[in-house]
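Taking it in order: structure first as structure tokens, then the write-up.
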Amino acid sequence: MTNKELVAELSDQLGWTQVRVSEVLAQTVEQLNSNLANNATITVPNFGSFQTRKRAERISVNPQTQQRFLVPPKISVNFKPASVLKEKFK
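Under the numbering used here, the first residue of the sequence shown is numbered 4, with each subsequent residue one higher.
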């Protein structure tokens, strides 16, 4: 589903204009991003939770040249689905 399709579907279900739905969706995504940037865990009931995890630095090897290089640490976002969502896709 694309963003345009999501906005259209939510607009039909809520009875709002597509512009209003698009603005609300953009603000929601912006708030989620800012909370994740602050290492907060976000839980959406009956959907799942988003949290950030720090991946440690590591040494990687190029298989062709056998050259080793250091991969710096990074922060990644992890999603854990709720049990209700897991049951729907079994």
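Heads up, the beta-carbon is just placed ideally off N, CA and C, and yes, glycines get one too.
DSSP three-state label for residue i, please.
{"i": "residue 81", "result": "strand"}
{"i": "residue 46", "result": "strand"}
{"i": "residue 91", "result": "helix"}
{"i": "residue 31", "result": "helix"}
{"i": "residue 69", "result": "coil"}
{"i": "residue 41", "result": "coil"}
Closest to residue i by C-alpha separation, out of the options, would be which residue?
{"i": "residue 25", "options": "42, 18, 6 and 43", "result": "6"}
{"i": "residue 59", "options": "75, 49 and 45", "result": "75"}
{"i": "residue 29", "options": "40, 42, 9 and 17", "result": "9"}
What are the partner residues of residue i, as DSSP defines its beta bridges?
{"i": "residue 54", "result": "81"}
{"i": "residue 74", "result": "61"}
Determine whether the beta carbon atoms of residue i and residue j lie at a separation below 8 angstroms.
{"i": "residue 54", "j": "residue 81", "result": "yes"}
{"i": "residue 56", "j": "residue 86", "result": "no"}
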